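Visitor: Using this note's numbering, the first residue of the sequence shown is number 392, and each one after it goes up by one. Even for Gly, the Cβ is constructed at its ideal location relative to N, Cα and C. Remember, it's a predicted structure, so these values are computed and weren't measured experimentally. Please read through the structure below; I'll follow up with questions.
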Amino acid sequence: MYKILVKTEDGETVSFECGPNEDVITAAIRQKILLLSSCREGGCATCKAECTEGEYELSNCSVQALPPDEEEDGSVLLCGTYPRSDLEVTVPYTYERIAFNEIRTEWLAEVRVCERISSNVMRFVVQCVDLESAAPLKVPFIPGQYIDIAIPGTEISRSFSMATVPSGDGLMEFLIRLLPNGRFSRYLLNDAVVGQRVGLRGPFGAFNLHDNGLRPRYFVAGGTGLSPVLAMVRQMQETRDPQETKLFFGVTHQHELFYRDELLRLASTMPTLAVEIAVMQPEAGWQGTAGTVVDLLRQYLAQARVKPDIYLCGPPGMVDATFKAAAEYGVPKDQIHLEKFVQSHGAGESQSLLEGQLAPPRMAGSEHAERVP
Ligand SMILES: Cc1cc2nc3c(=O)[nH]c(=O)nc-3n(C[C@H](O)[C@H](O)[C@H](O)COP(=O)(O)OP(=O)(O)OC[C@H]3O[C@@H](n4cnc5c(N)ncnc54)[C@H](O)[C@@H]3O)c2cc1C
Ligand code: FES
């Protein structure tokens with residue numbers, strides 16, 4: 392047995408034992424210590440940590456969840472880490488996120504809205520309900536986290552980040568990219584109906600706001616990466632956080648743009664918030680920024696008097712490019728928080744059934760959709 396010492400972001404520690412043939416997450420669970428994890432098969436990066444002392448072997452870590460350069464720098468996925476000596480690891484979250492009792496992670500919800508809001512994005516709203524009484528139920532989560540949603544009647548589930556803050560009526564909003572050949576995409580387009588029941592598992596994830604005094608916060612979102620970013624900004628609005636806040640939102644084509652009005656409305660109610668939208672390949676007449684969110688970030692960082700905290704979310708390529716740009720402008724690594732929308736674990740087995748279905752778009756207001764206030 393080896394000793395595993397886990398250090399949290401706020402300087403607390405927790406320790407437990409781990410044998411050479413078990414991974415660190417499993418060993419912790421055996422001793423009733425629930426570190427953050429989700430897939431437990433090296434695919435989602437929820438359990439990512441930094442190993443600062445000791446020898447270990449890594450197994451079953453996907454390249455997307457743990458790129459080789461991060462592995463070289465000492466990052467590990469704890470669900471695939473097998474100790475070969477005592478270990479010291481640092482996790483990117485606070486002590487209060489570690490549970491020491493069983494926590495509820497299985498939920499039932501009813502579909503409230505399923506509508507297309509751009510050429511490749513669906514807005515999906517569900518309400519959690521009590522299994523027996525069907526009364527609305529509030530799922531406790533931290534804005535920025537995600538949940539796994541199961542496709543009704545199948546064993547297939549996919550991870551999606553909540554765009555809302557936890558609410559008393561249990562409504563949870565998701566912004567979901569339609570992917571060619573995607574199983575969940577096909578469900579949304581063909582089978583999701585208002586009132587249908589779906590199973591949820593979670594919440595998971597450590598992508599959330601960090602206490603930072605009055606340092607400015609910059610949020611950078613690519614496509615549906617807007618979802619967790621919106622949840623965090625909505626949280627700041629609710630708690631009237633005073634930090635100067637910038638939100639950079641980018642898509643490739645204009646027809647992929649969504650939530651422009653929602654973002655402008657948010658900015659009009661938050662004096663501290665400025666929103667900038669970039670379209671990489673705009674059509675003639677586009678009034679906003681032509682380019683990427685990385686271009687926007689560079690512009691603002693070049694003028695920034697204080698190095699801001701940066702929150703990044705979107706496709707892996709966009710997140711990596713933004714991270715690099717922030718580092719070039721001297722933003723310390725521990726001020727950059729990110730979530731990559733990699734393929735959900737267990738995904739990729741779908742058949743080529745969605746080809747040609749991504750156009751023409753069925754926009755909000757169709758018979759399939761029902762708006763909530
Ligand atoms: C923590 C986390 C949170 C996420 N939150 C969101 C969210 O809020 N909104 C959202 O739109 N997405 C989100 N994603 C990504 C989403 O879970 C996946 O893209 C999902 O697998 C898509 O499901 P699908 O069934 O439609 O496609 P799948 O059946 O899984 O895949 C269809 C095809 O697309 C490819 N593919 C799947 N996902 C991706 C990807 N991300 N990038 C490139 N190619 C891909 C597959 O290899 C396959 O060929 C999140 C992912 C993670 C890990
Ligand atoms: S829980 Fe370890 S990568 Fe998903």
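#1: What residue does the beta strand (DSSP E) around Ser550 start on, and which one ends it?
#2: So, does the region 493–506 touch the region 457–468, judging by three or more C-beta pairs under 8 Å?
#3: Thinking C-alpha only, which one of Ala658, Leu703 and Pro527 is nearest Asp345?
#4: Tell me which residue opens and which closes the beta strand (DSSP E) that Glu506 is part of.
#5: Please specify which runs of the beta strand (DSSP E), each continuous and at least 3 residues long, are wholly inside the region 510–543, giving them in chain order.
#6: Can you tell which of Pro607, Gly433 and Ser476 has the C-alpha that lies nearest to the C-alpha of Ala695?
#7: Thinking just about the alpha-carbon of each residue, which of Gly402, Cys435, Phe732 and Glu432 is nearest to the one in Leu570?
#8: Consult DSSP for His644 and reduce its assignment to one of helix, strand or coil.
#9: Examine chain C for any beta-carbon lying closer than 8 Å to the beta-carbon of His601, and answer yes or no.
#10: Do you know offhand how far Glu497's Cα is from Ser548's?
#11: Can you tell me whether Lys715 is buried or exposed? The criterion is at least 16 other CB atoms within 10 Å of its CB, across all chains shown.
#12: Using alpha carbons as the reference points, say which of Ala717, Leu579 and Ile420 lies closest to Ile542.
#13: Would you check whether ligand 2 has a heavy atom nearer than 7 Å to the C-beta of Ser550?
#14: So, is Leu410 buried or exposed, given that buried needs 16 or more other C-beta atoms within 10 angstroms?
#15: Here's the rule: buried if 16 or more other CB atoms are within 10 angstroms of the residue's CB, otherwise exposed. What is Leu655?
#16: In chain order, what residues of the same chain have a beta carbon less than 6 Å from the beta carbon of Cys452, not counting five sequence neighbours either side?
#17: Apart from the five residues on each side of it in sequence, which residues of its chain come closer than 6 Å, Cβ to Cβ, to Ser550?
#18: So what does Ser406 bridge to, in DSSP terms?
#19: Closer than 7 Å by C-beta to Ser476: which residues in its own chain qualify, once you throw out the five before and the five after it? Chain order, please.
#20: Is Gln422 close to ligand 1? I mean its beta-carbon at under 7 Å from any heavy atom of the ligand.
#21: Answer with buried or exposed for Ala718, where buried requires no fewer than 16 other C-beta atoms within 10 angstroms of its C-beta.
#22: Please report the distance separating the alpha-carbon of Arg592 from that of Val512.
#23: What does the Cβ neighbour count give for Ala622, buried or exposed, with the cut at 16 atoms within 10 Å?
#24: Is it buried or exposed, Ala419, if we count other Cβ atoms within 10 angstroms and call 16 or more buried?
#25: Going by beta carbon distance, what residues of the same chain come within less than 7 Å of Thr643, once the five residues before and after it are set aside?
#26: Once DSSP output is grouped into helix, strand and coil, what is the label at Ala675?
#27: By Cβ distance, which residues of its chain are closer than 7 Å to Leu605, with the 5 residues on each side in sequence left out?
#28: Check whether the region 421–441 and the region 515–532 touch, using three or more Cβ-Cβ pairs below 8 Å as the test.
#29: Three-state secondary structure (DSSP) at Gly756?
#30: Excluding the 5 residues flanking Gly596 on each side, which residues of the same chain have their C-beta closer than 6 Å to its C-beta?
#31: With distances taken from each beta carbon to the nearest heavy atom of ligand 2, which residues come in below 6 Å, in chain order?
#32: What does the Cβ neighbour count give for Thr443, buried or exposed, with the cut at 16 atoms within 10 Å?
#33: Per DSSP, Glu730 forms a beta bridge with which residues?
#34: Following a CB-centred definition, is Asn572 positioned closer than 7 Å to any heavy atom of ligand 1?
#35: Considering only C-alpha positions, which residue in the set Glu730, Gly705, Thr630 and Arg689 is nearest to Gly721?
#36: Tell me the rounded alpha-carbon separation between Val397 and Glu653.
Guide: Inspection of the coordinates gives the following:
#1: For the purposes of this step, residue 550 is identified with residue 159 of the sequence shown, where counting begins at 1. Boundaries of the beta strand (DSSP E) around Ser550: Ser548 to Ser552.
#2: At 8 Å Cβ cutoff, the stretches do not touch.
#3: Because the chain in this structure spans residues 392 to 764, residue 345 falls outside the shown range and cannot be described.
#4: What you label residue 506 is simply residue 115 of the sequence shown in a count that begins at 1. Residues Glu497 to Ser509.
#5: Within the region 510–543, the complete beta strand (DSSP E) runs of at least 3 residues are 512–520 and 537–541.
#6: For the purposes of this step, residue 695 is taken as the residue at position 304 of the sequence shown. Nearest option by C-alpha distance: Pro607.
#7: For the purposes of this step, residue 570 is identified with residue 179 of the sequence shown, where counting begins at 1. From the listed residues Gly402, Cys435, Phe732 and Glu432, the smallest Cα separation to Leu570 is found for Phe732.
#8: Numbered from its first residue, the sequence shown carries residue 644 at position 253. Here His644 sits in coil by DSSP.
#9: Although the question refers to chain C, the structure presented lacks it and comprises just one protein chain.
#10: By 1-based counting over the sequence shown, the position of residue 497 is 106. By 1-based counting over the sequence shown, the position of residue 548 is 157. Glu497 and Ser548 have their C-alpha atoms roughly 13 Å apart.
#11: Counting from 1 along the sequence shown, the entry for residue 715 is found at position 324. Of the residues assessed, Lys715 falls on the exposed side of the cut-off, its CB having fewer than 16 other CB atoms within 10 angstroms.
#12: Here residue 542 refers to the residue found at position 151 when the sequence shown is read from its first residue. For the residues Ala717, Leu579 and Ile420, the minimum Cα distance to Ile542 belongs to Leu579.
#13: Within the sequence shown, residue 550 is the residue found at index 159, counting from 1. Because no heavy atom of ligand 2 lies under 7 Å away, the Cβ of Ser550 does not count as near it: no.
#14: Looking up residue 410 in the sequence shown gives position 19. Contrary to the premise, residue 410 reads as Gly rather than Leu in this sequence. Burial call: exposed.
#15: On the sequence shown, residue 655 is found 264 positions in, with the first residue counted as 1. By the neighbour-count criterion, in which 16 or more other beta carbons inside 10 Å mark a residue as buried, Leu655 falls on the exposed side.
#16: Here residue 452 corresponds to residue number 61 of the sequence shown, with the count starting at 1. Only Gly433, Leu468 and Gly471 meet the Cβ criterion.
#17: Along the sequence shown, one-based indexing puts residue 550 at 159. If you ignore the 5 residues before and after Ser550, its C-beta comes within less than 6 Å of the C-beta of Tyr537, Asp539 and Ser735, all in its own chain and listed in chain order.
#18: Position 15 of the sequence shown, counting from 1, holds the residue named residue 406. Secondary-structure assignment with DSSP links Ser406 through a beta bridge to Leu396.
#19: In the sequence shown, counting from the first residue as 1, residue 476 sits at position 85. Excluding residues up to 5 positions away in sequence, Tyr393, Gly445 and Glu446 lie with their Cβ nearer than 7 Å to the Cβ of Ser476 in the same chain.
#20: As a first step, residue 422 must be located in the sequence shown, where it is residue number 31. No, the beta carbon of Gln422 sits no closer than 7 Å to any heavy atom of ligand 1.
#21: Looking up residue 718 in the sequence shown gives position 327. Classification for Ala718: exposed.
#22: Mapped onto the sequence shown, residue 592 falls at position 201. Mapped onto the sequence shown, residue 512 falls at position 121. Taking the CA atoms as reference points, Arg592 sits about 22 Å from Val512.
#23: The residue you call residue 622 lines up with position 231 of the sequence shown. With 16 or more other CB atoms across the displayed protein chains lying within 10 angstroms of its CB, Ala622 is buried.
#24: Against the sequence shown, residue 419 aligns to sequence position 28. The residue in question, Ala419, is buried, as its Cβ has 16 or more Cβ neighbours within 10 Å.
#25: Translated into the one-based positions of the sequence shown, residue 643 becomes position 252. When the five nearest sequence neighbours on each side are left out, the beta carbons in the same chain lying within less than 7 Å of the beta carbon of Thr643 are those of Met671 and Gln672, in order along the chain.
#26: Translated into positions along the sequence shown, residue 675 becomes position 284. Here Ala675 sits in coil by DSSP.
#27: Your numbering for residue 605 matches position 214 in the sequence shown. So the list reads Pro633 and Gln634, once near-sequence residues are dropped.
#28: Taking a cut-off of 8 Å on C-beta distances, the region 421–441 does not touch the region 515–532, as fewer than three cross pairs fall below it.
#29: Here residue 756 corresponds to residue number 365 of the sequence shown, with the count starting at 1. Per-residue confidence for Gly756 stands at a pLDDT of 31, beneath the threshold of 50, marking its modelled position as unreliable; the derived number appears in the next sentence. Coil at Gly756, not helix or strand.
#30: As a working mapping, residue 596 is identified with position 205 in the sequence shown. Contacts found: Thr437, Gln536 and Tyr537.
#31: Residues with a Cβ closer than 6 Å to any heavy atom of ligand 2, in chain order: Ser428, Ser429, Cys430, Arg431, Gly433, Gly434, Cys435, Ala436, Thr437, Cys438, Ala456, Leu468 and Cys470.
#32: Indexing the sequence shown from 1 puts residue 443 at position 52. Burial is judged here by how many other beta carbons sit within 10 angstroms of a residue's own beta carbon; Thr443 has fewer than 16 and is exposed.
#33: For the purposes of this step, residue 730 is taken as the residue at position 339 of the sequence shown. Residue pairing of Glu730 in beta bridges, as defined by DSSP: Cys704.
#34: Translated into positions along the sequence shown, residue 572 becomes position 181. Checking the Cβ of Asn572 against ligand 1 gives yes.
#35: As a position in the sequence shown, residue 721 is number 330, starting the count at 1. With distances taken between Cα atoms, Gly721 lies closest to Arg689.
#36: As a position in the sequence shown, residue 397 is number 6, starting the count at 1. As a position in the sequence shown, residue 653 is number 262, starting the count at 1. Rounded to whole angstroms, the separation of the alpha carbons of Glu653 and Val397 is 41 Å.
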